[in-house]
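Some notes on the structure that comes next.
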Ligand SMILES: [Cu+2]
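Residue numbers (our numbering): 16 to 238.
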C-alpha cells in the first residue's frame with residue numbers, strides 16, 4: 016500500500032505548481048514577444064542605425080502601469096498564499112493540542128525527547144492524525160532538521176530553540192508510515208549519514224509504546 020502524502024506536502028505541492036505555471040506562462044509571453052519584436056523591428060537595408068528616442072505617450076504609460084500592477088498582484092498573492100498554507104509549519108496549533116517533542120541535534124545524530132522525559136535516537140515515533148511540534152536545538156554546531164516528505168525544515172542552532180510543526184497523516188490502512196528525517200546543514204564529516212526515521216503509528220499503539228518507556232531505559236545522551 017502506498018504511503019499517504021502528508022497534508023502539508025499536498026498544500027505545498029499545489030502552491031509550488033501554481034507558482035511554476037504562472038512563471039511558465041510569463042516566460043512564454045516574454046519569449047514570444049521578444050522573438051516577434053526582434054523580427055518585426057530588425058534593421059533593414061538603407062535604414063538609419065538608431066531609432067530616435069520617443070517620449071512615453073499617455074497610453075503607453077497606462078499600459079506599463081497595468082502590466083506592473085498585474086505582476087505586483089500576482090507576486091503578492093503568492094506570498095500571502097504561502098503564509099496561509101494549512102497546516103502551516105511555522106504556525107502550528109497550540110501546544111495543548113499537540114505532541115511536543117524536543118529534538119537535540121548533535122554530531123551526528125538526532126535525539127528525541129518526549130514529554131515524559133524519555134529520549135531516544137534513531138527513530139522518532141509519533142501518533143497518526145496528530146499535530147506534532149518539534150522543539151529543535153543543537154548541542155555543538157549548526158545542524159538542520161528536515162522532514163522533506165512533509166516539506167518542512169528548520170535550523171538546529173546551539174543555545175536556542177526553533178519550532179516547526181507537522182500534522183501526521185492518517186494511516187489509511189497501513190500498519191505504520193515511515194518517513195526520513197535528515198540533517199540539512201553541512202556539519203562535519205558525519206553529515207552525510209546524519210539521519211533518523213519518523214514512524215507514524217496507530218495512536219493507541221503509540222500511547223502504549225510511550226507509557227512502556229521510562230527515562231531509565233532512554234538511550235545515553237550523546238553530544
Ligand atoms: Cu548535522
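Note that CB positions come from ideal geometry on N, CA and C, so glycine has one too.
What is the DSSP secondary structure of residue i, reduced to helix, strand or coil?
i: residue 229; result: coil
i: residue 120; result: strand
i: residue 97; result: helix
i: residue 153; result: strand
i: residue 221; result: helix
i: residue 238; result: Its pLDDT being 44, under 50, residue 238 is placed unreliably by the model, and the measurement read from it follows with that caveat. The answer is coil: DSSP assigns residue 238 none of H, G, I, E or B.
i: residue 89; result: helix
i: residue 241; result: The displayed coordinates of the chain run from 16 to 238. Any statement about residue 241 would go beyond what the structure contains.
i: residue 318; result: The requested residue 318 is not part of the displayed model; the chain covers only 16 to 238.
i: residue 103; result: coil
i: residue 47; result: helix
i: residue 26; result: helix
Taking 6 Å as the cut-off, is the C-beta of residue i nearer than that to any heavy atom in ligand 1?
i: residue 80; result: no
i: residue 13; result: Missing from the structure shown is residue 13; the chain here goes from 16 to 238 and no further.
i: residue 198; result: yes
i: residue 202; result: yes
What residue range does the beta strand (DSSP E) around residue i cover?
i: residue 134; result: 134-136
i: residue 196; result: 192-197
i: residue 216; result: 210-216
Compare the beta carbon distance of residue i and residue j with 7 Å and say whether it is the shorter of the two.
i: residue 104; j: residue 180; result: yes
i: residue 121; j: residue 152; result: no
i: residue 116; j: residue 160; result: no
If I follow the unbroken alpha helix (DSSP H) through residue i, where does it start and stop?
i: residue 20; result: Run containing residue 20: none; DSSP gives neither H nor E here.
(request) Any chance you could list the alpha helix (DSSP H) runs of at least 4 consecutive residues sitting entirely within the segment 158-190, in chain order? (result) none
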